[in-house]
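In what follows, a single structure is set out as structure tokens and then discussed.
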Amino acid sequence: MQLRTFELFCHVADQRSFSKAAEAAGVTQSAVSQSIGHLEDSLGTKLFDRSKRPLALTEAGQIYWRGVRNIVGQYKELVEQVQNHDRRRSDTVTVGTVYSVGLSYMPEATKAFEENHPNVCVRTEFGSSQRVVELVLENKVDFGLVSFPRATKILGTIPWQSEPMRLVCSAEHVLASETEIPASRLRGVDMIGFERGLVLRQAIDQCLKAAGISVVTTMEFDNCDSIVRAIQANRGLGIIPEAAVRRETANGTLRVIACREIQMVRPLGIIFRKRGTLSRAATEFGSLLLGHEMEHDLLTKTEAAKADRDKCESNDRAASVLI
Numbered sequence: 001m002q003l004r005t006f007e008l009f010c011h012v013a014d015q016r017s018f019s020k021a022a023e024a025a026g027v028t029q030s031a032v033s034q035s036i037g038h039l040e041d042s043l044g045t046k047l048f049d050r051s052k053r054p055l056a057l058t059e060a061g062q063i064y065w066r067g068v069r070n071i072v073g074q075y076k077e078l079v080e081q082v083q084n085h086d087r088r089r090s091d092t093v094t095v096g097t098v099y100s101v102g103l104s105y106m107p108e109a110t111k112a113f114e115e116n117h118p119n120v121c122v123r124t125e126f127g128s129s130q131r132v133v134e135l136v137l138e139n140k141v142d143f144g145l146v147s148f149p150r151a152t153k154i155l156g157t158i159p160w161q162s163e164p165m166r167l168v169c170s171a172e173h174v175l176a177s178e179t180e181i182p183a184s185r186l187r188g189v190d191m192i193g194f195e196r197g198l199v200l201r202q203a204i205d206q207c208l209k210a211a212g213i214s215v216v217t218t219m220e221f222d223n224c225d226s227i228v229r230a231i232q233a234n235r236g237l238g239i240i241p242e243a244a245v246r247r248e249t250a251n252g253t254l255r256v257i258a259c260r261e262i263q264m265v266r267p268l269g270i271i272f273r274k275r276g277t278l279s280r281a282a283t284e285f286g287s288l289l290l291g292h293e294m295e296h297d298l299l300t301k302t303e304a305a306k307a308d309r310d311k312c313e314s315n316d317r318a319a320s321v322l323i
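For the sequence shown, the tail end lands on 323 under full-length UniProt numbering, and the numbers increase by one without skipping.
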């Protein structure tokens, strides 16, 4: 994650603009702005003079830029050397995934799979839910990992797991000493949430509404990482996927608060092209994630779709006879 921050800093330094840096990095402008803000807070100094247009590096920023630019360059050279050395690998599995799912589950799964399949390389393409759908439709990935998967005429889905959502706060929050609270204690509290357009945000709002709770959402982000950082800074509480805060809850920087009225899960699933054909390696990696044969799931869904079409055709023929 630190390297990603270095890269975003270099993009801003090169482009002299947060919006242009976001476009170059393929992320939102708010993500870039938040990342640079957190970086400056951790260093205790401003790296950019925001009063100037275009943006200008401060003296501290120029020193930091020279050092970070070398680090990023050396890392890219290292990656290229490793990739060139690994060209002997004969097959590649490419998985598209949203950030929170990929960062939580892909590293361990990839390591386990590659240890047993030394001639296969697993690549991960990160993006928003919409971007992952596009990658699958454009045949740029073998399959995708998303939350709240939805089947269409073109896309098939396979349920994967139901990920618990946790109510969390910082160690300095007024509720940090509580292990369980009634929902009434949340009325009017400041909350850090996902952007309103996201399906997960809608699900959280529905859960709070069902519990009869009205909260004040003071900050909104499009990714888990920014929400976690804001909660750690004691800006408010948040409802976050459990896997996204395992490290923070383990080291004590975040506390989990139980609330019986607020219990929800985030459904995770695999999306794939119904008319596509997965390689044996991709099918085996999907089976590893699922814990059972993925190929059986694909065949079952194909057969079910065919049965539905046959049923519709049969009903149409019966209707024509009656008419």
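Every residue gets a Cβ at the ideal spot worked out from N, C-alpha and C, and that includes glycine.
Checklist entry - How many angstroms separate the CA atom of V216 from the CA atom of P149? => result 29 angstroms
Checklist entry - Identify the residues that DSSP records as bridge partners of D49: which are they? => result A56
Next on the checklist: Taking only three categories from DSSP, how would you classify Q263?
Outcome noted: coil
Next on the checklist: Determine whether the beta carbon atoms of I257 and L200 lie at a separation below 8 angstroms.
Outcome noted: no
Checklist entry - Is DSSP giving E108 helix, strand or coil here? => result helix
Item to check | As assigned by DSSP and simplified to three states, the class of T277 | outcome: coil
Item to check | Status (buried if at least 16 other CB within 10 Å, exposed otherwise) for L43 | outcome: exposed
Next on the checklist: For a test of the three-state rule: what should DSSP assign to A183, helix, strand or coil?
Outcome noted: In the structure shown, the three-state DSSP call for A183 is helix.
Checklist entry - Can you round the beta-carbon distance between E261 and F221 to whole angstroms, since I take them to be within the 8 angstroms contact cut? => result 25 angstroms between Cβ atoms; not a contact.
Checklist entry - Tell me which same chain residues have a C-beta within less than 7 angstroms of the C-beta of Y75, skipping the five on either side of it? => result L3
Next on the checklist: Once the 5 residues before and after N234 are set aside, which same chain residues still bring their CB inside 7 angstroms of it?
Outcome noted: Cβ within range, chain order: S170, E172, H173.
Checklist entry - In whole angstroms, what is the alpha-carbon distance linking L254 and G276? => result Cα to Cα, the separation comes out at about 43 angstroms.
Checklist entry - Sorted by chain position, which residues of the same chain lie with C-beta nearer than 8 angstroms to A60's C-beta, five sequence neighbours on each side aside? => result Only L43, T45, K46, L47 meet the Cβ criterion.
Checklist entry - So what's D91 in DSSP terms, helix, strand or just coil? => result Looking at D91 - three-state DSSP - the assignment turns out to be strand.
Checklist entry - Going by other Cβ atoms of all chains shown within 10 Å of its Cβ, with 16 needed for buried, is N70 buried or exposed? => result exposed
Next on the checklist: My parser needs the beta strand (DSSP E) runs of 3 or more residues fully inside the segment 119 to 172; what are they?
Outcome noted: 120 to 126, 143 to 147, 155 to 170
Next on the checklist: On the DSSP bridge list, what partners appear for C191?
Outcome noted: The sequence shown places Met at residue 191, rather than the Cys named in the question. Note: M191 sits in a beta bridge opposite T217, L237.
Checklist entry - From this set, P107, C121, V93, K52, which residue's C-alpha is nearest V82's C-alpha? => result Considering only alpha carbons, the answer is C121.
Next on the checklist: According to DSSP, simplified to helix, strand and coil, what is R196?
Outcome noted: In this structure, R196 counts as coil in the three-state DSSP scheme.
Next on the checklist: Using 8 angstroms as the threshold, is the C-beta distance between A239 and T218 below it?
Outcome noted: First, the amino acid is wrong: residue 239 is Ile here, not Ala. Contact: no.
Item to check | Span separating the alpha-carbon of G245 from that of S51 | outcome: Gly is not the amino acid found at residue 245; the sequence shown has Val there. Going by the C-alpha atoms only, they are around 36 angstroms apart.
Checklist entry - What is the rounded straight-line gap between the Cα of R185 and the Cα of A250? => result Distance from the CA of R185 to the CA of A250, rounded to the nearest whole angstrom, comes to 25 angstroms.
Checklist entry - Is G78 buried or exposed, if buried means 16 or more other CB atoms sit within 10 Å of its CB? => result With the sequence shown as reference, residue 78 is identified as Leu, and Gly is not the correct amino acid for it. Its Cβ having fewer than 16 others within 10 Å, L78 is exposed.
Checklist entry - By how many angstroms is the C-alpha of R229 removed from the C-alpha of T157? => result 32 angstroms
Checklist entry - By Cβ distance below 8 angstroms, which residues in the same chain neighbour L137 in space, the five residues on each side in sequence not counted? => result Cβ neighbours of L137 within its own chain (closer than 8 angstroms, five residues either side excluded): I154, L155, R273.
Item to check | Per-residue burial, V265 [other beta carbons within 10 Å of its own, 16 or more giving buried] | outcome: exposed
Checklist entry - Measuring CA to CA, which of T283, I231, A151 is closest to A176? => result Closest option to A176, Cα to Cα, is I231.
Checklist entry - Between V93 and V132, is the Cβ-Cβ spacing less than 8 angstroms? => result no
Next on the checklist: Cutting at 7 angstroms between CB atoms, please list the residues of its own chain near G102, excluding the five before and the five after it.
Outcome noted: If the five residues before and after G102 are omitted, its C-beta is found closer than 7 angstroms to the C-beta atoms of T124, F126, L145, all from its own chain and listed in chain order.
Next on the checklist: Residues in the same chain with beta-carbon distance under 7 angstroms from T110, minus the five sequence neighbours each way, listed in chain order, please.
Outcome noted: V122
Checklist entry - How big is the Cα-Cα spacing for R16 and R66? => result Near 15 angstroms, if we compare the C-alpha coordinates of R66 and R16.
Next on the checklist: Is Q2 near the ligand NAD - that is, is its Cβ less than 7 angstroms away from at least one heavy atom of it?
Outcome noted: The ligand NAD is not among the ligands present in this structure, which contains no ligands whatsoever.
Checklist entry - Using DSSP with H/G/I as helix, E/B as strand and the rest coil, what is A244? => result Helix at A244.
Checklist entry - So what does DSSP say about R317, is it helix, strand or coil? => result Residue confidence is low: R317 scores 44 on pLDDT, short of 50, so the model does not pin down where it sits. Its coordinate-derived value is still stated next. Reduced to three states, the DSSP call for R317 is helix.
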